[in-house]
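When the letters of the sequence shown are read in order and numbered with the working numbering, they come out as residues 6 to 86.
By construction, the Cβ of each residue, glycine as well, lies at the ideal position given by its N, Cα and C atoms.
Bear in mind that the values here come from a model prediction, so they are computed numbers and not experimental data.
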Amino acid sequence: MNWRERAACSTADPELFFPTYSRRLAEQQLADAKAVCRQCPVKRACLHWALTNGEKRGVWGGLSEYELRSLRRRMGGVGVA
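Okay, structure coming up:
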């Protein structure tokens, strides 16, 4: 079984994980997306996939776009092993 099939977000609206740019709406959307991620059994696999595939938009592995960029900088731009 693919990790995506086991993801907590597999039955959620995909738009939830790509917050709008209206600040107030985006904050709530981000909080809601992260709540789904917190209960996800494949959060690490999701984050690994996002890092190794250069995802720049959306919530992946429980991290926002900003948090993903920050993690990449700390890792020297390298994906997760």
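Item, Value
"Curious, which full-length alpha helix (DSSP H) runs of at least 4 residues does the region 32-86 contain?", "48-57, 70-79"
"Alpha helix (DSSP H) containing E10: first to last residue?", "8-11"
"Can you grab the Cα-Cα spacing for the pair S75 / E60, in whole Å?", "13 Å"
"What's the call for L30, buried or exposed, on a 16-neighbour Cβ count within 10 Å?", "exposed"
"Apart from the five residues on each side of it in sequence, which residues of its chain come closer than 6 Å, Cβ to Cβ, to G63?", "F22, F23"
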